[in-house]
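Note that full-length UniProt numbering gives residue 35 to position 35 of the sequence shown, counting from 1, and the numbers run on in steps of one. For reference, the structure is listed below as structure tokens.
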Amino acid sequence: MTDSGPSDTTAPITIYWRRWCPYCQRLGVRLRLAGIPFRKVDITRDPAAAAEVRAITGGDEITPTVLANGHELVNPSVDQIRSALAGPPRTT
1 MTDSGPSDTT APITIYWRRW CPYCQRLGVR LRLAGIPFRK VDITRDPAAA AEVRAITGGD
61 EITPTVLANG HELVNPSVDQ IRSALAGPPR TT
């Protein structure tokens, strides 16, 4: 899996995104304003990441898809991400 943007290896969340996706851009801005570090992975450049998104979403490449504290969130709000980070880690 490649990181296609500024990387913070200690970031609590990973965002699967596309450069041209307005929802991804908006979420990135909101997370920066909230002070929540994140790692971006561009699914248009990483076939394995695109496959992971399809597995999470039931076959679609919906972006942004976020991994946070073991939670898989599809097109989440910052509040949903905060809740995932604050709650117990999800285990499968």
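Yeah, the Cβ is synthetic: ideal placement off N, Cα and C, and Gly gets one too.
Between the CA atoms of Ala48 and Ile81 - distance to the nearest angstrom | 23 Å
Meets three-Cβ-pair contact criterion under 8 Å: the region 16 to 23 and the region 36 to 53 = A contact exists between the region 16 to 23 and the region 36 to 53.
Could you tell me whether the region 82 to 90 touches the region 43 to 62, using the rule of 3 or more Cβ pairs below 8 Å?
-> no
Take the Cβ of Leu67 as the centre, count every other Cβ of all protein chains shown within 10 Å, and call the residue buried at 16 or more, exposed below.
-> buried
By how many angstroms is the C-alpha of Asn75 removed from the C-alpha of Val29?
-> 14 Å
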